[in-house]
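Residue numbering for the sequence shown follows full-length UniProt numbering, beginning at 1 and increasing consecutively.
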Amino acid sequence: MKDFFANIFQFELTTQCNWLPANQFLFQLANISLVLTYFVKPSGLYELIQLRVSLTCAGLCFGLWGGTVICSLDCMVWNLAFTVGNACHLVYILAKMWPSPFKNSHHELIFVNVFGPVGLKRYQFRTLMTKAKEIQLQTGEYYARQGYTDSKHISILADGCVEVLINGQSTNYVELFEFLDSPEWLTLTDDDAPSKYQVSLVAAEDSVIYQFQRKDLFTIFRKDELLKNIFDSIIGKDICKKLYSLHQSFLMKDCITIV
1 MKDFFANIFQ FELTTQCNWL PANQFLFQLA NISLVLTYFV KPSGLYELIQ LRVSLTCAGL
61 CFGLWGGTVI CSLDCMVWNL AFTVGNACHL VYILAKMWPS PFKNSHHELI FVNVFGPVGL
121 KRYQFRTLMT KAKEIQLQTG EYYARQGYTD SKHISILADG CVEVLINGQS TNYVELFEFL
181 DSPEWLTLTD DDAPSKYQVS LVAAEDSVIY QFQRKDLFTI FRKDELLKNI FDSIIGKDIC
241 KKLYSLHQSF LMKDCITIV
């Protein structure tokens, strides 16, 4: 045991080296795996999987090389420990990405009808919904009042129906899986002070709403640019649908007036 630890603190430099032959293929494969990690940009879970796979392969090859070729116990133990650590992290990531259905039925319906069709992954949607607050409204209960309620969040209707009022007059309805305040979303940044709602929103029937705070979403989007782009595209589509619906309602009113 004394001889085993004798060389730990020895350090010696020399200019006269007797170069050894190239090491066995396990050593080369381990270093190739490490080189591959330099070309992985860990911007998402798929890239993180590639990184962990490369590190796991490198640690395993170094461990086998240390234990079977140079017969170095410390080299084998350290690298096998690195292998186990990276392999456990890899299993955790894969489990996180497993496409299992959501326990909350509203979450599942929102994903299937809104976020899934545009390419958002379930693990990304789970991250998004960790910041969501569920709000239940009774028929006739106000979600927002024109000119009074701060617009510092964005919300999606998961169940029920919400009526939109301007100066007390009904203009249109927010239907299932539509956003209640999408027009305000694209006009503000995370640094802007909250504005006031330009409309009133009242539950036309018992409704369930999921609300996201603006600052919470921007914190997530800074870490996942793809998620931000997908979310903005969904909001843009929702705004176009609202404008078309509003335009149609105005045309109908004009036709009734002419008749």
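The beta carbon of each residue, even a glycine, is placed where N, CA and C say it ideally should be.
Assuming residue i and residue j are in contact, meaning their beta carbons sit under 8 Å apart, how far apart are those beta carbons, in whole angstroms?
i: Ile220; j: Ile156; result: Incorrect: roughly 15 Å between the Cβ atoms, too far for contact.
i: Ser151; j: Glu184; result: 4 Å
i: Glu108; j: Pro99; result: 12 Å between Cβ atoms; not a contact.
i: Cys57; j: Ser72; result: Contact flag wrong, Cβ pair sits at about 19 Å.
Use the C-beta contact count for residue i: other C-beta atoms within 10 angstroms, 16 or more gives buried, fewer gives exposed.
i: Val162; result: buried
i: Ile258; result: Bear in mind that a pLDDT of 46 at Ile258, under 50, signals an unreliable position, so the number given afterwards is only what the model happens to contain. Burial call: exposed.
i: Phe125; result: buried
i: Ile256; result: At Ile256, the pLDDT of 48 sits below 50, so the modelled position is not reliable; the number obtained from the coordinates is stated separately. Classification of Ile256: exposed, given that the 10 Å Cβ count is below 16.
i: Ser182; result: buried
i: Phe115; result: buried
i: Ile230; result: buried
i: Gly66; result: buried
Measuring alpha carbon to alpha carbon, tell me which of the options ends up nearest residue i.
i: Val35; options: Pro21, Ala22, Leu55 and Leu45; result: Leu55
i: Thr139; options: Trp98, Lys96, Leu45 and Ala204; result: Ala204
i: Cys88; options: Lys223, Leu180, Val53 and Lys242; result: Val53
i: Gly160; options: Ser195, Tyr244, Leu227 and Leu201; result: Leu201
Note down the Cα distance separating residue i from residue j, rounded to an integer number of angstroms.
i: Thr37; j: Leu90; result: 14 Å
i: Gln213; j: His153; result: 4 Å
i: Thr127; j: Thr68; result: 44 Å
i: Tyr197; j: Leu48; result: 41 Å
i: Glu178; j: Lys96; result: 28 Å
i: Gly168; j: Lys103; result: 39 Å
i: Leu180; j: Leu226; result: 23 Å
i: Ala158; j: Tyr148; result: 24 Å
i: Trp78; j: Leu64; result: 11 Å
Sufficient close CB pairs (3 or more, under 8 Å) joining the region 133-147 to the region 199-219: These segments touch.
Q) At a cut of 8 Å, does the region 222-242 reach the region 115-122 through at least three beta carbon pairs? A) Remark: three or more beta-carbon pairs, one from each stretch, lie closer than 8 Å, so the region 222-242 and the region 115-122 are flagged as touching.
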